[in-house]
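Student:
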Amino acid sequence: MYSLLERGSILMKLHSAHRVDKFCFYKLGELDSLNTSAAHGIRKSLISRISTSDGSPEIDTALCQITLSFEEIHKATRNFSPANEIGEGGFGTVYKGRLKNGTFVAVKRAKWEPYDQCLSAEFKNEILALSKIEHLNLVRFYGYLEHRDERLIVVEYVSNSTLREHLDGTCGSVLETGERLDIAIDIAHAITYLHTYTDPPIIHRDIKASNILITEKLRAKVADFGFARLAAEDPSATHISTQIKGTAGYLDPEYLRMYQLTEKSDIYSFGVLLVEMVTGRRPIESKRSADERVTIEWALRKLKDGEIVVAMDPRLRRNLASIQAVERVLKLSCQCLSSSRLSRPSMRRCAEILWEIRRVYRENSTTSASTSSLCQSC
Numbered sequence: 001m002y003s004l005l006e007r008g009s010i011l012m013k014l015h016s017a018h019r020v021d022k023f024c025f026y027k028l029g030e031l032d033s034l035n036t037s038a039a040h041g042i043r044k045s046l047i048s049r050i051s052t053s054d055g056s057p058e059i060d061t062a063l064c065q066i067t068l069s070f071e072e073i074h075k076a077t078r079n080f081s082p083a084n085e086i087g088e089g090g091f092g093t094v095y096k097g098r099l100k101n102g103t104f105v106a107v108k109r110a111k112w113e114p115y116d117q118c119l120s121a122e123f124k125n126e127i128l129a130l131s132k133i134e135h136l137n138l139v140r141f142y143g144y145l146e147h148r149d150e151r152l153i154v155v156e157y158v159s160n161s162t163l164r165e166h167l168d169g170t171c172g173s174v175l176e177t178g179e180r181l182d183i184a185i186d187i188a189h190a191i192t193y194l195h196t197y198t199d200p201p202i203i204h205r206d207i208k209a210s211n212i213l214i215t216e217k218l219r220a221k222v223a224d225f226g227f228a229r230l231a232a233e234d235p236s237a238t239h240i241s242t243q244i245k246g247t248a249g250y251l252d253p254e255y256l257r258m259y260q261l262t263e264k265s266d267i268y269s270f271g272v273l274l275v276e277m278v279t280g281r282r283p284i285e286s287k288r289s290a291d292e293r294v295t296i297e298w299a300l301r302k303l304k305d306g307e308i309v310v311a312m313d314p315r316l317r318r319n320l321a322s323i324q325a326v327e328r329v330l331k332l333s334c335q336c337l338s339s340s341r342l343s344r345p346s347m348r349r350c351a352e353i354l355w356e357i358r359r360v361y362r363e364n365s366t367t368s369a370s371t372s373s374l375c376q377s378c
């Protein structure tokens, strides 16, 4: 499951404040021989080197099983061919690559600026965040590489486009209500992991539909940790003060006003995302009339007025099970979008509510199908 070049190998990151041009892997058996705290200690030690080392770290080459050079990545992406481009953002361009053994990877290549403090910080942030995570619903990190003026991050390739593309209808079939609930739960699980099971917790800061990758089985993987921040390690701290980062339409208004970042800022963004998923609309719809341009305001007005069907993505089936599920998702999003972060639920609680919404939706769908079948046989 975790192999990159061959089965039985799992990557542990090789970090340095200076440039490296190889990836380092631990043998899976060597990791298995360590207890959880020891493995976490190795991971934490490696993570700290990227920000604290004044010189090249000493590497035990006996632990290195597989390496990838810049030349191999260059070849895997067909010399960073435009035909291999699969995405682009503020950090740079993402390419699809195929390694010698046939494994597909996504290679994020930083922009060509010789030195940009913001881009360097994003590069470091993404590595720090990715180094700490391992979850089914998070894009798997394979490694990073610096070679001359090149900065590359290599991650799992997810083949079925982004959630935003699916909602835009550019991927063929329409996501049904049940599939959207599955995806919402996957995202909630991923963020719960970041907030609860990493040490210290990770705040993603850029939860949005275009950062959610969809697998061939229509399950979700959260990607793009360029804006991620580690939460305050002091348990008594309620927030960390930081420069505003994120995407317009998803930003927590309290974070914008106070410059105080907490896990609840991700909850707000998740609330926006839930509205997107049931309406099909983008957070800002500039071509619509003034009362419909801000999607969350429009959708929550429709919820308040009892006009759920009007708020629903027109491509969703208008049956009782779907309408009730959409209504409950909008009610959850309303909690997530509270102006006060203290009133927002935790991501764990969001996941629990979504599980219950899905359970009821499936029961209602089954009952509806059975009733329809009986009517047809009469």
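For the record, in the sequence shown the residue sitting at position 55 is 55 according to full-length UniProt numbering, with numbers rising by one throughout.
No residue lacks a Cβ here, since even glycine has one placed at the ideal position from N, Cα and C.
Give me, in chain order, the residues of the same chain whose beta-carbon lies closer than 8 Å to that of residue 104; leave out the 5 immediate sequence neighbours on both sides.
Tutor: Excluding residues within five positions, the ones whose Cβ falls inside 8 Å are 96, 97, 98, 157, 159.
Student: Does the beta-carbon distance from residue 138 to residue 190 come in below 8 Å?
Tutor: Going by C-beta atoms, residue 138 is nearer than 8 Å to residue 190.
Student: Helix or strand or just coil, what does DSSP make of residue 170?
Tutor: Here residue 170 sits in coil by DSSP.
Student: Tell me which residue opens and which closes the alpha helix (DSSP H) that residue 212 is part of.
Tutor: First-last for residue 212: 212-214, but that is the beta strand (DSSP E), not the alpha helix (DSSP H).
Student: Would a C-beta distance cut-off of 8 Å place residue 279 and residue 312 closer than the cut-off?
Tutor: Yes, the Cβ-Cβ distance between residue 279 and residue 312 is below 8 Å.
Student: When you compare each of 344, 265, 68, 149 to residue 208 by their alpha carbons, which one comes out closest?
Tutor: The candidate whose alpha carbon is nearest that of residue 208 is 265.
Student: By the 10 Å Cβ neighbour count, where 16 or more other Cβ atoms means buried, how is residue 367 classified, buried or exposed?
Tutor: It counts as exposed.
Student: According to DSSP, is residue 189 part of a helix, a strand, or is it coil?
Tutor: Correct three-state label for residue 189: helix.
Student: Kindly provide the ranges of any alpha helix (DSSP H) runs that are 4 or more residues long and lie completely inside the region 263-319, ordered along the chain.
Tutor: Listed in chain order, they are 263-279, 295-304, 308-311.
Student: In chain order, what residues of the same chain have a beta carbon less than 8 Å from the beta carbon of residue 187, not counting five sequence neighbours either side?
Tutor: Correct list, in chain order: 137, 207, 212, 220, 222, 270, 273.
Student: To which residues does DSSP link residue 195 through a beta bridge?
Tutor: Paired residue(s): none; residue 195 is not in a bridge.
Student: Could you check what DSSP says for residue 177 in three-state terms: helix, strand or coil?
Tutor: It is helical.
Student: Between the region 301-317 and the region 276-293, can you find at least three pairs of beta-carbon atoms closer than 8 Å?
Tutor: Flag = yes, the region 276-293 and the region 301-317 touch.
Student: Can you grab the Cα-Cα spacing for the pair residue 201 / residue 229, in whole Å?
Tutor: About 9 Å.
Student: How long is the line joining the alpha carbons of residue 329 and residue 155, rounded to whole angstroms?
Tutor: Using only the alpha carbons, I get a separation of about 31 Å.
Student: Look at the Cβ atom of residue 364, then the Cβ atom of residue 321, and state whether they are nearer than 8 Å.
Tutor: For residue 364 and residue 321, yes; Cβs fall inside 8 Å.
Student: Considering only their Cβ atoms, is the gap separating residue 147 from residue 193 smaller than 8 Å?
Tutor: Not closer than 8 Å, so no.
Student: Can you name, in chain order, every residue of its own chain whose Cβ lies under 6 Å from the Cβ of residue 350, other than the five neighbours on each side?
Tutor: Closer than 6 Å at Cβ, skipping near neighbours: 188.
Student: Leaving out five residues on either side along the sequence, give the residues of the same chain with a beta carbon under 7 Å from the beta carbon of residue 166.
Tutor: Excluding residues within five positions, the ones whose Cβ falls inside 7 Å are 175, 214.
Student: What do you get for residue 83, buried or exposed, if any count of 16 or more other CB atoms within 10 angstroms of its CB means buried?
Tutor: Classification for residue 83: exposed.
Student: Return the bridge partner residues of residue 155 from the DSSP annotation.
Tutor: DSSP output for residue 155 lists 106, 141 as bridge partner(s).
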